[in-house]
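Counting the sequence shown from 1 gives a position; the numbering used here is that position plus 848.
Yeah, the Cβ is synthetic: ideal placement off N, Cα and C, and Gly gets one too.
Encoded as structure tokens, the structure appears first; notes follow it.
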Amino acid sequence: MSQADETAVPDKERVPEATQLLTLPFVSAVAGVLDERAGDNGFRVVLHRTMCRDGVTYLQQITNYVSSDPSRSKGSGRVFPVDKGIIGAAFINRKLHRTAAFTDLKSLEEALAADLLELNRSSDFDNVARSYFAMPFLGRTDGEQFKQEAEDNDLFPLAILYAECFHDNIFSDDRLTAVLNAMCRRFASTLDKLAAVQLERVRNFPFPINDSVEMRAEDEPYRRLNGHPDENILPPVFKTLRSFNFEFVV
């Protein structure tokens, strides 16, 4: 049994307004890139932060989805186990997970149909996205600053950028992936600076994160569709940020 199953994960928790306001422009910018590439083909984007309550680590959706479909733009505060789905795979492997490249839409949908059959979800075929992207933001949780690449094994996922789209093969595009990765790296760098300076009414209040639990990926959906971790893409790294918990202060 995974650590996320040992203690009940809450359905929803409050997200500080400052954390949402710092996140939304970045998520909207990512959505703008997808809008240019995918148009109205059912994309949505969101950032999850790593949380810990009573020794249980989980992921929390920071804002509502930024979506091409307003009816799907919701979900702020929802929480998820860290070992489920593509965001769980990105969390556990500490690597980018994205939909594999397919020669045509037919072969992609055959892989998706096989994945859904395996999950007893064949009836969902028309309603699930065709392309997925999950990028972890890594950092240290022990109070030390990140210093060199040799410390990679000490890094822990502090956030996960998640995107999905009904457009086929969009995230298998290496050029688009490079653009999204550059955006993630710049966002991480900006948050490091915000965490280091003393803004008059905004503070990042670190909370303890249990990074010692052993987890395994369970029920990872769409294993044919999403393939394996992308070993060629280095995820963004927070050099000073230890948790994602910005609050307004008075």
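- Taking C-beta atoms as the reference points, residue 904 and residue 1011 fail to come closer than 9 Å.
- Counting C-beta pairs with one atom in each stretch, the segment 880 to 893 and the segment 1011 to 1025 have three or more that are closer than 8 Å, which means they touch.
- When the alpha-carbon of residue 871 is set against those of 1084, 1032, 1072, the nearest one is in 1032.
- Residue environment for residue 1006: buried (at least 16 other C-beta atoms within 10 angstroms of its C-beta).
- If you draw a straight line from the Cα of residue 1093 to the Cα of residue 1041, it comes to about 14 Å.
- Between residue 948 and residue 1080, the gap from beta carbon to beta carbon reaches 9 Å or more.
- Here the alpha carbons of residue 964 and residue 974 stand approximately 11 Å from one another.
- For residue 924, the secondary structure class from DSSP, reduced to helix, strand or coil, is coil.
- Relative to the Cα of residue 968, the nearest Cα in the group 1089, 987, 1070, 865 belongs to 1070.
- Under the three-state reduction of DSSP, residue 959 is assigned to helix.
- Rounded to the nearest angstrom, the gap between the Cα atoms of residue 926 and residue 862 is 9 Å.
- A Cβ-Cβ distance of about 7 Å is found for the pair residue 1089 and residue 1052, placing them in contact under the 8 Å criterion.
- Under the DSSP assignment, residue 978 falls outside any beta strand (DSSP E); it carries neither an H nor an E label.
- Rounded to the nearest whole angstrom, the C-alpha separation of residue 1029 and residue 1057 is 25 Å.
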